[in-house]
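Just so you know, we're using our numbering here: the sequence shown kicks off at 14 and counts up by one. For every residue, glycine included, the Cβ atom is placed at its ideal position computed from N, Cα and C. As the structure is a prediction and not an experimental result, all values here were calculated from the model. Please read the structure below before turning to the comments.
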Amino acid sequence: MFKRILFLFVTISVCTASFAGSTVHHKLSVNVDPVKHFVDAVDQITIPADQVKPNMTFILNSDLTVSSLTPGVTIKLEESGVKVEDLGMDREDLDLSSEFKQNKYSINFVTESKGDVTFTLKFSGMINYPIKQIGEEYARGFSQTPGIIDEKGAYLGGSTYWVPWFNENWISFELTTTMPKGWSVVSQGKRTFNELKNNEQTSTWNSPDPMEEIYLIAAKFNEYSKSAGAVDVMAFLRTPDETLANKYLETTAQYLEMYRKLIGTYPFTKFALVENFWETGYGMPSFTLLGEQIIRFPFILHSSYPHELLHNYWGNSVYIDFKKGNWCEGLTAYMADHLIAEQRGQADEYRRTTLQKYTDYVNPSNDFPLNKFISRTNPSSEAVGYGKSSMFWNMLRESVGDELFVKGFQKFYRDNKFNAASFDDIRASFESVSGKDLKSFFSEWVDKKGAPELSVSNVKCVKKKNEYLLQFTLKQLQKEDAFALDVPVAISFAKNVVVEKVAMTGKEQNCAFTFKENPRLVQVDPQFNLFRKLNYNEIPPSLSKIFGAEDLLILLPLRAAKEKLESYRALAKIWSEDKTKKIEVSLDSKYDKLPVNKNIWIFGADNKFTGVIKNSLKDYNSEIKNDAVTLGKTSFPVANNSFIVSVRHPNNPDNVLVYLSTENKEAVPGLARKLPHYGKYSYLVFEGDEPANIGKGEWSSVNSPLTAKVITHGEKSSSDVLPELPRRKALAMLTPVFSSERMLKTVQYLAGDELAGRAPGSTGMNSAIDFIVEKFKSAGLLPGADDGTYFQSWEEVVDANGKKASVKNIIGIIPGTNPDLKDESVVICAHYDHLGLGWPGANKGNEGKIHPGADDNASGVSVMLELAELLGKNLKPQRSVIFVAFASEESGLRGSKYYVRNMKRFPAKKVIGVLNFDTVGRLGNGKLLVLGAATAREWRFIFMGASYVTGVETEMVTQELDASDQRSFLEVGVPGVQFFSGANADYHKPSDTPDKIDGAG
């Protein structure tokens, strides 16, 4: 989330804030001329009686001229070059604001008023400040301006000081704007008027709630909207894109409903996505302003976007009392980013990464307590203000339980909406709903810096009669005083796991538990629920370790070709400009062996220390060769690629070595810019000049010092596979786009006894055809066959005796909307036939038995039909989208081959890609395999984005497999992939039944 400078408070008489009381009201009439960069405004200002002071002053942009239109009201320039202060929710722009100075005016009233004072000011001038790049240190990469009016668009906000600022109290406003035809304005509140007349667009935005500033965002927008209950959901895009807009509108409605249930009624009447003309990630009351590239990243919909939406609760309606610390960012991260991870079953990993950032980036010299956090300015401040804060809320949740955690924040929201609030106000709300005294808990984590470090030792178990006495010792290893902790300890047995909470107030705690069965394993905080520093063996080596290091070494390869050495030297120069770190850049020839006390970059395959990296990679089943680099299961060619690989320092495992090699000097600036964004990863692969990320991953972490096997005296140790740790339910669930219940019903019908395995030409097959056609019709798919029906029919052999019968491909379409592209198509397909009573290819002994084919391939049909249901009535594609249920896949891909040979309306030569769902019903905790990923370069990027959006991990399978119907398209040069959840023992057997389908997967 990013927000501008909000307002400056300057008065002769110092007054205290009273945020939810009366507000200064602005009734603005504004003309904006984009060509001349000019704004002309008339502002009727009402100052409440309790805020009227003698000799009042206000601040206004020094490039604007101002005059009074009210008789008896005079203004006078008191001071120019006034340094403005950054008082906004996200105070990231101190360098900018220190350069940005304004004028201070006094205002005098001839007659004294005993009530509210209303007067009118006129101000105008040119606003056109350049857009400047923010530094890259903490992986943000945005640009900024205090204000701009340009032919591309207009951005005016609190940082512009384009509206007179009188004091520290909140404001309300009514903003009427006039702009050229084709332009639209977005601001806070509700749009109450919008009219095109005499080639001028006039609109009014009314914002009665207490605000911090007044935004005027303008451009030649294409507008889209829908209703989500009482809230108007809107999208303002700079280029027309109904499909993109609908994605955002639908996603917004989902998250609005989720947060309504979790926190309370949404505080505004609208939420709008607004596309900016430079890359930004701003969150304003009732809208978000995102750059044109950002909104098109597929992962934004379920990462940054809900984070911005949630800021309408935390930060943009419940404001921050900065004097007591910024509680908002960590809470928003917890209720957005962490919650999304929790919904996907990835919360443990999310918390581990959060703790890893703190461990890698924070040290005694840059640590600080939460009550001193204002905004993030570098990785260490983010690790505290976002990371530690997020973990604090997690520990509060663990302390009071989910029900009271939700009730506590619901009360906090009700009691503090449109007020400034602090950690103390949150504590008061939680004490009220829980009945607990939380003063010491909040003081421990909000007012103190530092973090505990844990260890477990002396684990032993003794059997006494029919009971087992388990004993162990917990220690806090940090130099600081002990923290008061409720340490979760997971104790695993043969078939279950028990989680005990150990109250720990000192540096050492002896623990003893008695059980009726033999414990097998002790794990201390295995799900990372405590805020603490991690031991290096709990986390894999990663880039965050070296980016967080204060003292590091960059070794350049002396033996490299001159041009390559210079490109490495250029990269080292970029990073060594960070004056907050001690960075040595040297040739590898300077050292006979690697220093043990430094984190080290090893640049180049020709580096004399590359062998150390190669040797370490053996532990991860990976290797570096002259022509290729293998990372896990995937091999990448060296040509045109850049590789970044981190390993433990062999002589000091608390430090890392990071190997960086590129064959492309043009990639160096991009690597310097992009790598800080990838801190959590152990290895990365980039392609080309840009460069584009094509591979990333984390090594597995092993040998955690907080895990100990239990050896019971007198008994043999067991090597049983132990049960998984229990997972906590998510605080809230997003209403799913897909219905697992509906898909399971499809599988149950298609794989039911009535359809008898869907053999070609059978009654069961005909019933399946009728079912699929009705689903296509109800989804809004149009008939797609050449004859205007849903069917592509022909005769085919349907049994072992050579009998022929009519078989049918079932084709439905979503027509393309672009006249130049509508004849091109994307094919989404799944075969609906199976083996019936065992033909073709039944296993010996299963002849004559019903083969239900639940996974193969009722599961694929169910996913295809669900996609049709989701997209059929809403998608407006440029190219046509063809849904095909193929016949006769089991007898040699005959249905898809017939389609490829005979389709005239949408011929195979104009198909740009095929997505085939075949055997996708048993995902479980595994990765979704994408077969045929090497058939087009773009597949890798598409599925990387899809994995991020959905939370479903994919694995690219590049070797050629003659697996399913996509093969028929590949043979004529059309790229295609098959989605596959993996092989199982029930393949082509009567045991492939609906009860074994993983509905959640």
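When you compare only the Cα positions, how much space is there between residue i and residue j?
i                 : j              : result
glycine 304       : isoleucine 824 : 39 angstroms
asparagine 379    : serine 557     : 16 angstroms
asparagine 74     : threonine 87   : 18 angstroms
alanine 573       : tryptophan 588 : 20 angstroms
serine 780        : proline 796    : 19 angstroms
threonine 967     : valine 874     : 20 angstroms
aspartate 99      : tyrosine 295   : Note on aspartate 99: pLDDT 49, under 50, position unreliable in the model; the coordinate value appears next. One C-alpha to the other measures close to 16 angstroms.
aspartate 415     : lysine 514     : 16 angstroms
phenylalanine 284 : lysine 239     : 11 angstroms
phenylalanine 381 : asparagine 339 : 13 angstroms
alanine 54        : threonine 190  : 9 angstroms
cysteine 842      : glycine 801    : 19 angstroms
phenylalanine 930 : serine 648     : 25 angstroms
glutamate 903     : glycine 774    : 13 angstroms
threonine 932     : leucine 229    : 52 angstroms
valine 27         : alanine 62     : Confidence is the limiting factor: at valine 27 the pLDDT is only 26, short of 50, which leaves the residue's position unreliable, though a coordinate-based value still follows. Rounded to the nearest angstrom, the two C-alpha atoms are 16 angstroms apart.
Please classify residue i as buried or exposed, where buried requires at least 16 neighbouring CB atoms within 10 angstroms.
i              : result
arginine 686   : exposed
threonine 217  : buried
aspartate 254  : buried
tyrosine 1000  : exposed
alanine 998    : exposed
threonine 293  : buried
arginine 17    : Here the model assigns arginine 17 a pLDDT of 28, short of 50, so the residue's position is not dependable, and the following value carries that caveat. It counts as buried.
arginine 427   : exposed
glutamate 737  : exposed
asparagine 68  : exposed
asparagine 628 : exposed
glutamate 105  : Bear in mind that the predicted position of glutamate 105 carries a pLDDT of just 46, short of 50, making it too unreliable to give a figure here.
serine 111     : Confidence is the limiting factor: at serine 111 the pLDDT is only 49, short of 50, which leaves the residue's position unreliable and the question unanswerable from this model.
lysine 529     : exposed
valine 658     : buried
Starting from the Cα of residue i, find the closest Cα among the options and give me that residue.
i                 : options                           : result
lysine 817        : Pro832, Val95 and Ser806          : Ser806
arginine 950      : Pro689, Val970 and Ser1004        : Val970
glutamate 321     : Asp450, Ala346 and Gln57          : Ala346
valine 43         : Val198, Gly128, Ser299 and Asn180 : Val198
glutamate 703     : Val681, Gln214, Tyr694 and Lys722 : Val681
phenylalanine 234 : Lys546, Gln979, Glu288 and Phe919 : Glu288
lysine 611        : Asp601, Ile626 and Lys595         : Lys595
proline 920       : Asn716, Gln484 and Val839         : Val839
phenylalanine 71  : Ser81, Thr776, Trp178 and Ile144  : Trp178
serine 960        : Leu286, Leu314 and Lys127         : Leu314
threonine 367     : Asn479, Asn542, Asn329 and Leu490 : Asn542
lysine 49         : Asn141, Ile613, Ser468 and Val375 : Asn141
Quick one: what does DSSP say residue i is sitting in, helix, strand or coil?
i              : result
histidine 351  : helix
histidine 690  : helix
threonine 78   : strand
proline 1007   : helix
glycine 851    : coil
histidine 844  : strand
alanine 996    : coil
tryptophan 340 : coil
tryptophan 291 : coil
glutamate 395  : helix
aspartate 222  : strand
tryptophan 183 : coil
serine 364     : A small fix is needed here, since residue 364 is arginine in this sequence, not serine. Arginine 364: helix per DSSP, three-state reduction.
asparagine 259 : helix
Ranges of the beta strand (DSSP E) found wholly within the region 742-777, counting only runs of at least 3: none
Run through the region 444-517 for me and flag every whole alpha helix (DSSP H) of 4 or more residues, listed as ranges in chain order. Fully enclosed alpha helix (DSSP H) runs of 4 or longer: 452-455.
At what residue ranges does the region 891-931 contain a whole run of the alpha helix (DSSP H), taking only runs of 4 or more? The region 891-931 contains these whole alpha helix (DSSP H) runs: 907-915.
Whole runs of the beta strand (DSSP E) within the region 35-65, excluding any shorter than 3 residues: 37-46 and 51-60
Alpha helix (DSSP H) runs wholly inside the region 548-614, at least 4 long, in chain order: 556-560 and 575-589
Minimum length 3: unbroken beta strand (DSSP E) runs contained in the region 606-664: 612-616, 641-644, 647-650 and 654-662
Within the region 298-345, note down every full beta strand (DSSP E) run reaching 3 residues or more, in order along the chain. 300-304
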